[in-house]
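There are 2 protein chains.
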Amino acid sequence: MVTIADVAKKAGVGLGTVSRVLNGSPQVRDATRKKVQAAIDELGYRPNPLARGLSLGRGHTVGVIVPFFTHPSAVERLRGVVAALEGSGYDLVLFNVASPFHPDEPFHTLTGPHRADGLLVMSLPVPPNDLERLARARVPVVLVDSRAEGVTVVVSDDRTGGRLAVEHLVELGHRDIAFIGEDPENAFGFTASSNREEGYREVLRAHGIRYRPSLVRHGPHDHDVAKAMALDLLRRPKPPTAIFASSDVQALGALSAAAELGRTVPAELSVIGYDDIDLAHYAGLTTIRQPLFDSGYLAGRLLLDALVSGERLTPGVTELPIELVIRTTTAVPHRGAA
Amino acid sequence: MVTIADVAKKAGVGLGTVSRVLNGSPQVRDATRKKVQAAIDELGYRPNPLARGLSLGRGHTVGVIVPFFTHPSAVERLRGVVAALEGSGYDLVLFNVASPFHPDEPFHTLTGPHRADGLLVMSLPVPPNDLERLARARVPVVLVDSRAEGVTVVVSDDRTGGRLAVEHLVELGHRDIAFIGEDPENAFGFTASSNREEGYREVLRAHGIRYRPSLVRHGPHDHDVAKAMALDLLRRPKPPTAIFASSDVQALGALSAAAELGRTVPAELSVIGYDDIDLAHYAGLTTIRQPLFDSGYLAGRLLLDALVSGERLTPGVTELPIELVIRTTTAVPHRGAA
DNA sequence: CCGTCCCGTGGAAGCGCTTCCATGCAGACG
DNA sequence: CGTCTGCATGGAAGCGCTTCCACGGGACGG
Chain A
7 MVTIADVAKK
17 AGVGLGTVSR
27 VLNGSPQVRD
37 ATRKKVQAAI
47 DELGYRPNPL
57 ARGLSLGRGH
67 TVGVIVPFFT
77 HPSAVERLRG
87 VVAALEGSGY
97 DLVLFNVASP
107 FHPDEPFHTL
117 TGPHRADGLL
127 VMSLPVPPND
137 LERLARARVP
147 VVLVDSRAEG
157 VTVVVSDDRT
167 GGRLAVEHLV
177 ELGHRDIAFI
187 GEDPENAFGF
197 TASSNREEGY
207 REVLRAHGIR
217 YRPSLVRHGP
227 HDHDVAKAMA
237 LDLLRRPKPP
247 TAIFASSDVQ
257 ALGALSAAAE
267 LGRTVPAELS
277 VIGYDDIDLA
287 HYAGLTTIRQ
297 PLFDSGYLAG
307 RLLLDALVSG
317 ERLTPGVTEL
327 PIELVIRTTT
337 AVPHRGAA
Chain X
7 MVTIADVAKK
17 AGVGLGTVSR
27 VLNGSPQVRD
37 ATRKKVQAAI
47 DELGYRPNPL
57 ARGLSLGRGH
67 TVGVIVPFFT
77 HPSAVERLRG
87 VVAALEGSGY
97 DLVLFNVASP
107 FHPDEPFHTL
117 TGPHRADGLL
127 VMSLPVPPND
137 LERLARARVP
147 VVLVDSRAEG
157 VTVVVSDDRT
167 GGRLAVEHLV
177 ELGHRDIAFI
187 GEDPENAFGF
197 TASSNREEGY
207 REVLRAHGIR
217 YRPSLVRHGP
227 HDHDVAKAMA
237 LDLLRRPKPP
247 TAIFASSDVQ
257 ALGALSAAAE
267 LGRTVPAELS
277 VIGYDDIDLA
287 HYAGLTTIRQ
297 PLFDSGYLAG
307 RLLLDALVSG
317 ERLTPGVTEL
327 PIELVIRTTT
337 AVPHRGAA
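Here it is as structure tokens:
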């Protein structure tokens, strides 16, 4: 283990000088700098980030808290974050939230100062008292796909997204539209799905279509669960002619259900999803696209700027645009279907 | 910022005692422990991992070097790693390799001792001198989907996988079998594809089928690139009746090409991929399954065990089983096709 | 009843770095 | 030619933690 002292001795200078060279201080004569650099190269010295971090009071890491297992969309956001951090000198520490947590437990553990200089939270609600504590510790926080007061937030408008999806179905002539989504009371505290569901209800209301709870199904975010729910829906005496799923994964589940029952899509059943993940493209799934990568990228940049400048993050909501992507799983409802 | 000294003062004990309580040393009387714990709770103290790390000489982090952008399979492996690290007390630091690197540059930078206590490298070849340096610094390293001498390695047998795929096609009666894969000289240094290609050639040879370079296409690992290559292949006067793609992403590209040309799959064209990513399941793609998640999980466990026990990792190759998964994109070749 | 041992504890030293302060020296200026 | 200024430099202090060493006192044995 080569330390700064070894370099100093080798170069015949003091520790301070070596440190200054390492940090690019202008306060070093060129000749000295060269000497030091030579010693560094020769010894193959690399600074110890831990020591540096301790001394500086920050470890040059960004913590990303993400439900990595549950949503493929999280991966795409994460990619954006990674891209934003590239070359910044900040390391990305990945905190996975594999299972729903006891209220305010893991944030407590993850959240201590010095775990990370800044925090990026995806899709998860953060308890207000944690947010406060982080603010007090001056740890900047950016929320993606999740909202809170007084914090920097990057989201897209899920309610409008839900409306967009259902408007599309209504315009095609659908009246019996089912919804598949997450339980509004889900253990993770995800809210995206229920916001989309709100959009669904708004459009129904706006068009004078009766809202029927029996056409709404909730369950954990999973392909097979969604498939089971869709199966159930499609086996009703008077099945819906369209299904709006609050995520592409669930929409693909619905597609599987249709296939299993031999219902042709979109002739006998229209399906629309949400997110526009890769899969949607391959499956030809009509969906609502939200800029997943960009949301991660933007959040990463915002956090980084705050970290680098040392300035406080300005709280506020950045809303990213969403967009209806029409592919091949939605169409005018079939006569015989009703 | 509450420090151990604050806790000590509050509890009326010495620093050492607080530290011992924190680390669960048995050398503390129960009454004292309670006192200290109370002070900790009251002050909301959390240890500073940086200081702890510096003192201990290790930061309790595992570095994962992964070409995160290029292969979806990398994500699945990463999931396995995350699962293995869950609750271990080790943080996962994600080092993305977004672009092919200058020979031995980024490993130099990533690789310094104390960047991470242990290193997990995915799909990327590691220069021997880096490996040596890491060994000297006693930083345990596990390679996944990549090989090197004297290191712990978790792989699956790509050559056999390639054989499995092509055997399947030959058994169905195919003779004109194309291969789409990565350039053996690709800038990242990935070798999986060329190993699979070797398997391809071996099977052809074994069955006395002439190897035709014109049926082999190389390009960067990308859906659209693969699609273009497949398009080119299918537009030949005498197109192949089957395509073996060295990854599912590329196979899906081939599928898109077939769709674009109106060739029905599998009647007019058989396609087989590799990896068995989620997409393959949805697309009904016949493929070679390799245990992606498991490979990450196993590698994570191996690394963790070494880290926790302090023992040197035993070098060696663990080969994970592969398996042919027949779905709906392969069949007996169509008469008219030839 | 005294010596010994061991347990529980306090606190200094040290991990490798940054930074501040003191120092020396060269050049500028009067 | 003396004094002042300011730049380049050396090194101590300090970041918060662990650990080792030393020490006091109680229990135990002789």
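Each protein sequence line maps, in turn, to chains A and X.
For this note's numbering, count along the first sequence from 1 and bump the result up by 6.
For this note's numbering, count along the second sequence from 1 and bump the result up by 6.
Beta carbons: idealized from backbone N, C-alpha and C, even for Gly.
Being a predicted model, the structure only gives us computed values, none of them experimental.
From which residue to which residue does the alpha helix (DSSP H) around Glu203 of chain A run? Bounds of the alpha helix (DSSP H) holding Glu203 of chain A are Ala198 to Ala212.
Arg295 of chain A - DSSP class collapsed to helix/strand/coil: Under the three-state reduction of DSSP, Arg295 of chain A is assigned to strand.
Compare the beta carbon distance of Thr76 of chain X and His229 of chain X with 7 Å and say whether it is the shorter of the two. Not in contact: Thr76 of chain X and His229 of chain X (Cβ atoms no closer than 7 Å).
Note down, one range per segment and in chain order, each alpha helix (DSSP H) of at least 4 residues found wholly within the segment 120-206 of chain A. Fully enclosed alpha helix (DSSP H) runs of 4 or longer: 134-142 and 164-178.
Cβ of Ala264 of chain X within 7 Å of Cβ of Leu275 of chain X? Cβ atoms of Ala264 of chain X and Leu275 of chain X: closer than 7 Å.
DSSP-derived helix/strand/coil call for Gly86 of chain X: The answer is helix: DSSP assigns Gly86 of chain X an H, G or I state.
Taking the C-alpha atoms as reference points, what is the distance between Ile46 of chain X and Arg52 of chain X? Going from the Cα of Ile46 of chain X to the Cα of Arg52 of chain X covers about 8 Å.
Contacting positions in the segment 51-65 of chain A - beta carbon closer than 7 Å to chain X: Cβ contacts with chain X come from Arg52, Asn54, Pro55, Leu56, Ala57, Gly59, Leu60 and Gly65.
Does any CB atom of chain A fall closer than 7 Å to the CB of His120 of chain X? Chain A, which has a Cβ nearer than 7 Å to the Cβ of His120 of chain X, makes this yes.
Can you give the Cα-Cα distance for Asp136 of chain X and Glu325 of chain A, rounded to whole angstroms? Taking the straight line joining both Cα atoms gives about 45 Å.
Check the Cβ-Cβ distances between Asp97 of chain A and every residue of chain X, and say whether any is below 7 Å. At least one chain X Cβ lies under 7 Å of Asp97 of chain A.
Would you list the one or two residues that DSSP bridges to Asn102 of chain X? Note: Asn102 of chain X is bridge-paired with X:Val72 in the DSSP secondary-structure output.
Per DSSP, which residues does Glu325 of chain A bridge with? Please list them. The partner list for Glu325 of chain A (beta bridge, DSSP) reads A:Val161.
Cross-strand partners of Leu60 of chain A (DSSP beta bridge): BP columns for Leu60 of chain A are empty, so no partner.
For Met7 of chain X, does the count of other Cβ atoms within 10 angstroms reach 16, so buried, or fall short, so exposed? Residue burial is scored here from C-beta neighbours: Met7 of chain X has fewer than 16 other C-beta atoms within 10 angstroms and is therefore classed as exposed.
Of the choices A:Pro339, A:Arg295, A:Gly322 and A:Thr293, whose alpha-carbon is the least far from that of Ala305 of chain A? Closest by C-alpha distance to Ala305 of chain A, out of A:Pro339, A:Arg295, A:Gly322 and A:Thr293, is A:Gly322.
Which residues in chain A sit within 9 Å of Val123 of chain X, going by Cβ to Cβ distance? Before going further, note that residue 123 of chain X is Asp rather than Val in the sequence given. Residues of chain A passing the Cβ test: none, with the nearest at roughly 10 Å.
Residue-chain proximity (Tyr206 of chain X, chain A), Cβ-Cβ < 7 Å: Closer than 7 Å: no.
Per DSSP, the bridge partner or partners of Phe113 of chain X: Phe113 of chain X pairs with nothing; no bridge assigned.
Can you check which of these residues, A:Gly290, A:Gly259 and A:Val150, is closest to Pro272 of chain A by C-alpha distance? Among A:Gly290, A:Gly259 and A:Val150, the Cα nearest to that of Pro272 of chain A belongs to A:Gly290.
Alpha carbon to alpha carbon, what distance is there between Ser79 of chain A and Arg216 of chain A? Each residue's Cα considered, the two are about 32 Å apart.
Run through the DSSP bridge pairs and tell me what His224 of chain A is partnered with. Partner(s): A:Gly187.
Sufficient close CB pairs (3 or more, under 8 Å) joining the segment 235-242 of chain A to the segment 53-71 of chain A: Segment contact: the segment 235-242 of chain A against the segment 53-71 of chain A, fewer than three CB-CB distances shorter than 8 Å; contact not assigned.
Taking the alpha-carbon positions, what's the Ser162 of chain X to Leu149 of chain X distance? Cα-Cα distance, rounded: 12 Å.
Residues in the same chain with beta-carbon distance under 7 Å from Arg181 of chain X, minus the five sequence neighbours each way, listed in chain order, please. Answer for Arg181 of chain X: Ile215, listed in chain order.
Contact with chain X by Tyr288 of chain A, beta-carbon distance below 7 Å: The beta-carbon of Tyr288 of chain A is placed less than 7 Å from the nearest beta-carbon of chain X.
With a threshold of 8 Å, are at least 3 pairs of Cβ atoms found where one atom belongs to the segment 279-289 of chain X and the other to the segment 116-128 of chain X? They do not touch, by the three-pair rule.
Taking C-alpha atoms, which residue in A:Gly156, A:Gly124, A:Thr247 and A:Pro131 lies nearest to Pro73 of chain A? Cα-wise, what sits closest to Pro73 of chain A is A:Pro131.
Just checking: is the beta-carbon of Val42 of chain X within a distance shorter than 7 Å of some beta-carbon in chain A? For Val42 of chain X, the closest Cβ of chain A is not nearer than 7 Å.
Using 10 angstroms around the beta-carbon of Asp254 of chain X, count the other beta-carbons present and answer buried if the total reaches 16, otherwise exposed. Buried, since its Cβ has 16 or more Cβ neighbours within 10 Å.
Buried/exposed call for Asn29 of chain X, threshold 16 Cβ in 10 Å: Result: exposed.
Taking the alpha-carbon positions, what's the Asn54 of chain X to Thr334 of chain X distance? Spanning the two alpha carbons is a distance of roughly 55 Å.
Strictly under 7 Å for the Cβ-Cβ distance: is Leu298 of chain A near chain X by that measure? Not one chain X Cβ lies under 7 Å of Leu298 of chain A.
Find the nearest neighbour of Ala260 of chain A within the set A:Thr9, A:Val277, A:Leu308 and A:Ser25, judged by alpha-carbon distance. Taking Ala260 of chain A as reference, the option from A:Thr9, A:Val277, A:Leu308 and A:Ser25 with the minimal CA-CA separation is A:Val277.
Name, please, each residue of chain X whose Cβ falls closer than 7 Å to the Cβ of Ala104 of chain A. Correct list: Glu92.
Proximity below 7 Å, CB of Arg165 of chain X to CB of Gly195 of chain X: Arg165 of chain X is not a Cβ neighbour of Gly195 of chain X, given a cutoff of 7 Å.
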